[in-house]
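Peer 1: Here it is, the structure, as structure tokens.
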Amino acid sequence: MDRRGFALGIVLLAAALELLDGTIVNVVLPAIQREFGTSTGMLGWIASSYTLALGAGLTIGGRLGDTYGPRRMLAIGTAGFIAAALVCSLAPNTLTLLIARITQGGAAALAVPQTLALIQLMYPPAERGRPLSLFATVTGVATVGGLFVGGALTELNIMGLGWRTVFLLNLPIGAVILCGLHWLPDRRAGGRASLDLPGMAMLSSGLLLLMFPLLHGSENDWPGWVAPLPVAALVALACFAVRQHRRGKRGYGVLVDTTLFSYPSFTGAVLISALVYAAVFGLFFTMPLFLQRSLGFGPLAAGLTILPWSLGIPLASIPAARWLVPRFGRRILVIGLLTLGTGMAIFGCLVRFAGTAPSGWQFLPGLLVSGCGMGMVVATVLHLGLAEVPARLAGTASGVLNNVQQLAGALGVAAAAAGYAGMQQATGFASAFQAVILGMLAVLLVTALPVQLLPARRPRPR
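Under the working numbering, the first residue of the sequence shown is numbered -16, with each subsequent residue one higher.
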């Protein structure tokens, strides 16, 4: 392997590591709950805090990489990531674990944007097709493969450490990345990074004010203090939007370039991504809880049961991106949403009628079909959502879309945790999970509304 190939391997390993941790904790949540006596609301915080910190910090991480160099920021982000992972593995209580997860997500936000920047540095435009395809495959598998990896490590129970091994796994992988940094190129613009820290505070506070009542209101019989929080959240988010618009007009650094929303296809892609990722992240927060609590699956069996979803994504996304979307346009998105919904309906029916001791194989058809639908949705949104955006704004648009997916996922986990916690107390685990599936299907119906904002075909690039 030549130097550039080895460097690409280090970059792909870094991208996989940070995204793997977004879902790896979901399958070990029941074990964490048993050890600490944690409420479902706190489990929601543990699952969503990493994604929230990652999504909120991605833009700032990208700007720091542009100013100080992607290799340096990848080093700082990876070092902080594995240090926080070590604290997670040693956490004596849920508060320590939560703080470490937030820190881990913030460190990942410094590292993740540098991976694509380094690929652009290593390969000229004509040679980027293969490394970018590898990047998409690795990150896609890592995002959904975390459930399987987490289940396998917990089941192995290495040295009696149980769920803590999912965090210790980060240490040797992070060490390999740090040792391989000298193989990577670097570039820096110099000067000072233009960071909108007040804007980041407004965005983060708005999201936290939305999540807090969801995660704690249902478990406390919705006390009176819950009602003002969503209003305060909307005020904070409105202030954030106004600030971004004004800073953008004055030429200052922004977290979100509001001019992007003048392109209908991009607005549609943002709305569709937000709804779909909120639904999917919420589902994958509750599914491991249901499989282990209600059906008695072990962590490994739960991870293997969910694996067909991850196999379905590349099965559909690759042909959709290469042949179907260029030919049939947004109709593939409609087919993808219908396929995703059909698969979840099949899965929901099996949950309802399979009894108390089903085999994981019974869930394979529904999850495989759902994964194929998700693959078609992702391929269409990426292909058509950026179609009208000028080339000079393509990188910024991709970053905003990634931010939206992560932040919507965090809110989806909070909403699912609220519904699941409230329902399980009244009707049990199975009925609570069925309610989550019905909620996901309702969100997919709403997702059909912004489909018309996408172009019927991909127009010529500007």
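Every residue, glycine too, gets a C-beta built ideally from N, C-alpha and C.
So, at 8 Å on beta carbons, what are the nonlocal neighbours of Pro206 in its own chain, with the 5 sequence-adjacent residues on each side left out?
Peer 2: Numbered from its first residue, the sequence shown carries residue 206 at position 223. The residues are Gly200.
Peer 1: With C-beta atoms as the reference, is Val419 less than 8 Å away from Leu266?
Peer 2: Working through the sequence shown from its first residue, we reach residue 419 at position 436. Working through the sequence shown from its first residue, we reach residue 266 at position 283. Yes, the Cβ-Cβ distance between Val419 and Leu266 is below 8 Å.
Peer 1: Between which two residues does the alpha helix (DSSP H) containing Asn153 stretch?
Peer 2: Walking along the sequence shown from the start, residue 153 turns up at place 170. Start and end: 153 to 162.
Peer 1: Beta-carbon within less than 6 Å of Phe131's beta-carbon, same chain only, minus the 5 sequence neighbours each way: which residues are those?
Peer 2: In the sequence shown, residue 131 corresponds to position 148, counting from 1. Here the set comprises Gly286, Leu290.
Peer 1: According to DSSP, is Pro75 helix, strand or coil?
Peer 2: Residue numbering aside, residue 75 sits at position 92 when the sequence shown is read from its first letter. In the structure shown, Pro75 sits in coil (DSSP, three-state: anything other than H, G, I, E or B).
Peer 1: The alpha helix (DSSP H) with Tyr260 in it runs from where to where?
Peer 2: Translated into positions along the sequence shown, residue 260 becomes position 277. 247 to 276 is the extent of the alpha helix (DSSP H) around Tyr260.
Peer 1: Do Gly129 and Asp4 have their CB atoms nearer than 8 Å?
Peer 2: Locating residue 129 in the sequence shown gives position 146, where the first residue counts as 1. Locating residue 4 in the sequence shown gives position 21, where the first residue counts as 1. Contact: yes.
Peer 1: Is the region 36 to 56 touching the region 313 to 323 in the sense that three or more CB pairs, one from each, lie closer than 8 Å?
Peer 2: The region 313 to 323 is not in contact with the region 36 to 56.
Peer 1: Specify the secondary structure class of Phe118 as computed by DSSP and reduced to three states.
Peer 2: Taking the sequence shown and counting its residues from 1, one reaches residue 118 at position 135. If DSSP states are grouped into helix, strand and coil, Phe118 belongs with the helices.
Peer 1: Distance check for Leu212 and Pro196, CA to CA, integer angstroms please.
Peer 2: Position 213 of the sequence shown, counted from the first residue, corresponds to residue 196. Position 229 of the sequence shown, counted from the first residue, corresponds to residue 212. Distance between the alpha carbons of Pro196 and Leu212: 7 Å.
Peer 1: In the DSSP assignment, find the alpha helix (DSSP H) that holds Asp49 and state where it starts and stops.
Peer 2: As a first step, residue 49 must be located in the sequence shown, where it is residue number 66. Taken as a continuous stretch (DSSP letters only), the alpha helix (DSSP H) holding Asp49 covers 23 to 51.
Peer 1: Could you check what DSSP says for Phe280 in three-state terms: helix, strand or coil?
Peer 2: Taking the sequence shown and counting its residues from 1, the one referred to as residue 280 is at position 297. Coil.
Peer 1: Do the region 352 to 362 and the region -12 to 7 meet, that is, are 3 or more Cβ pairs less than 8 Å apart?
Peer 2: Flag = no, the region 352 to 362 and the region -12 to 7 do not touch.
Peer 1: Could you say which of Cys71, Val95, Ile85, Gly236 lies nearest to Ala(-3) if we only look at CA atoms?
Peer 2: For this step, residue -3 is matched to residue 14 along the sequence shown. The shortest Cα separation from Ala(-3) among Cys71, Val95, Ile85, Gly236 belongs to Val95.
Peer 1: Should Leu193 and Thr42 be called a contact, given that it needs their Cβ atoms to be closer than 8 Å?
Peer 2: By one-based count along the sequence shown, residue 193 stands at place 210. By one-based count along the sequence shown, residue 42 stands at place 59. No; because the gap between Cβ atoms is not below 8 Å, this pair is not in contact.
Peer 1: Does the distance from the CB of Gly349 to the CB of Met327 come in under 8 Å?
Peer 2: If you number the sequence shown from 1, residue 349 lands on position 366. If you number the sequence shown from 1, residue 327 lands on position 344. Yes. Within cutoff.
Peer 1: By alpha-carbon positions, which one of Thr363, Arg314, Gly60, Ile7 ends up nearest to Ala467?
Peer 2: There is simply no residue 467 to check, as the chain begins at -16 and stops at 445 in what is shown.
Peer 1: Leaving out five residues on either side along the sequence, give the residues of the same chain with a beta carbon under 6 Å from the beta carbon of Pro247.
Peer 2: Residue mapping note: residue 247 aligns to position 264 of the sequence shown, counting from 1. For Pro247, where only same-chain residues beyond five positions count, the Cβ hits under 6 Å are Leu436.
Peer 1: On a Cα-Cα basis, can you pick out the residue from Val124, Gly395, Val11, Gly(-8) that is closest to Pro282?
Peer 2: For this step, residue 282 is matched to residue 299 along the sequence shown. The option with the nearest alpha carbon to Pro282 is Val11.
Peer 1: Rounded to whole angstroms, how far is the Cβ of Arg425 from the Cβ of Thr363, which I believe are closer than 8 Å?
Peer 2: Your numbering for residue 425 matches position 442 in the sequence shown. Your numbering for residue 363 matches position 380 in the sequence shown. It should be noted that the sequence gives Ala, not Arg, for residue 425. Ala425 to Thr363, Cβ: 21 Å. No contact.
Peer 1: Mark Cys162 as exposed unless 16 or more other C-beta atoms lie within 10 angstroms of its C-beta, in which case mark it buried.
Peer 2: To locate residue 162, count along the sequence shown from 1; it is residue 179. Exposed, since its Cβ has fewer than 16 Cβ neighbours within 10 Å.
Peer 1: Would DSSP call Asn140 helix, strand or coil?
Peer 2: Taking the first residue of the sequence shown as 1, we reach residue 140 at position 157. Asn140: coil per DSSP, three-state reduction.
Peer 1: State the CB to CB distance for the pair Leu(-5) and Phe118, rounded to an integer number of angstroms; the pair is presumed to be in contact (CB under 8 Å).
Peer 2: Residue mapping note: residue -5 aligns to position 12 of the sequence shown, counting from 1. Residue mapping note: residue 118 aligns to position 135 of the sequence shown, counting from 1. That belief holds up - the Cβ atoms of Leu(-5) and Phe118 are roughly 6 Å apart, short of 8 Å.
Peer 1: Determine the direct distance from the alpha carbon of Ala398 to that of Asp49, and round the result to whole angstroms.
Peer 2: What you label residue 49 is simply residue 66 of the sequence shown in a count that begins at 1. What you label residue 398 is simply residue 415 of the sequence shown in a count that begins at 1. In a straight line, the C-alpha of Asp49 is about 35 Å away from that of Ala398.
Peer 1: How many Å lie between His366 and Val387 at the Cα?
Peer 2: Reading the sequence shown from its first residue, position 383 is the one you call residue 366. Reading the sequence shown from its first residue, position 404 is the one you call residue 387. When rounded, the distance between both Cα atoms is 17 Å.
Peer 1: What is the C-beta distance between Leu351 and Leu294, in whole angstroms, given that I count them as a contact (C-beta under 8 Å)?
Peer 2: Counted from its first residue, the sequence shown places residue 351 at position 368. Counted from its first residue, the sequence shown places residue 294 at position 311. Indeed they touch by this definition, with Cβ atoms about 7 Å apart.
Peer 1: On the CB-based measure, 16 or more other CB atoms within 10 Å of its CB, does Leu254 come out buried or exposed?
Peer 2: On the sequence shown, residue 254 is found 271 positions in, with the first residue counted as 1. Buried is the call here.
Peer 1: Taking the alpha-carbon of Thr325 as reference, which of Leu428, Tyr106, Ala14 has the nearest alpha-carbon?
Peer 2: Taking the first residue of the sequence shown as position 1, residue 325 is located at position 342. The shortest C-alpha separation from Thr325 is found at Leu428.
Peer 1: Going along the chain, which residues of its own chain have a beta-carbon closer than 7 Å to the beta-carbon of Met406, five neighbours each way excluded?
Peer 2: Translated into positions along the sequence shown, residue 406 becomes position 423. Closer than 7 Å at Cβ, skipping near neighbours: Ser414, Ala415, Ala418.
Peer 1: Anyone know if the C-beta pair for Ile102 and Arg111 falls short of 8 Å?
Peer 2: For this step, residue 102 is matched to residue 119 along the sequence shown. For this step, residue 111 is matched to residue 128 along the sequence shown. Yes; because the gap between Cβ atoms is below 8 Å, this pair is in contact.
Peer 1: With DSSP run on the structure shown, which of helix, strand or coil describes Gly(-8)?
Peer 2: Here residue -8 corresponds to residue number 9 of the sequence shown, with the count starting at 1. In this structure, Gly(-8) counts as helix in the three-state DSSP scheme.
Peer 1: Does the Cβ-Cβ distance between Ala261 and Ala391 come in under 8 Å?
Peer 2: Taking the first residue of the sequence shown as 1, we reach residue 261 at position 278. Taking the first residue of the sequence shown as 1, we reach residue 391 at position 408. Yes.
Peer 1: With 16 as the cutoff for other CB atoms within 10 Å, does Pro444 come out buried or exposed?
Peer 2: As a working mapping, residue 444 is identified with position 461 in the sequence shown. Here the model assigns Pro444 a pLDDT of 48, short of 50, so the residue's position is not dependable, and the following value carries that caveat. With fewer than 16 other Cβ atoms within 10 Å, it is exposed.
Peer 1: Which of helix, strand or coil does DSSP assign to Ala370?
Peer 2: For the purposes of this step, residue 370 is identified with residue 387 of the sequence shown, where counting begins at 1. Reduced to three states, the DSSP call for Ala370 is coil.
Peer 1: Cα separation between Arg(-14) and Trp166?
Peer 2: On the sequence shown, position 3 is the one that residue -14 refers to. On the sequence shown, position 183 is the one that residue 166 refers to. The alpha-carbon atoms of Arg(-14) and Trp166 are separated by roughly 7 Å.
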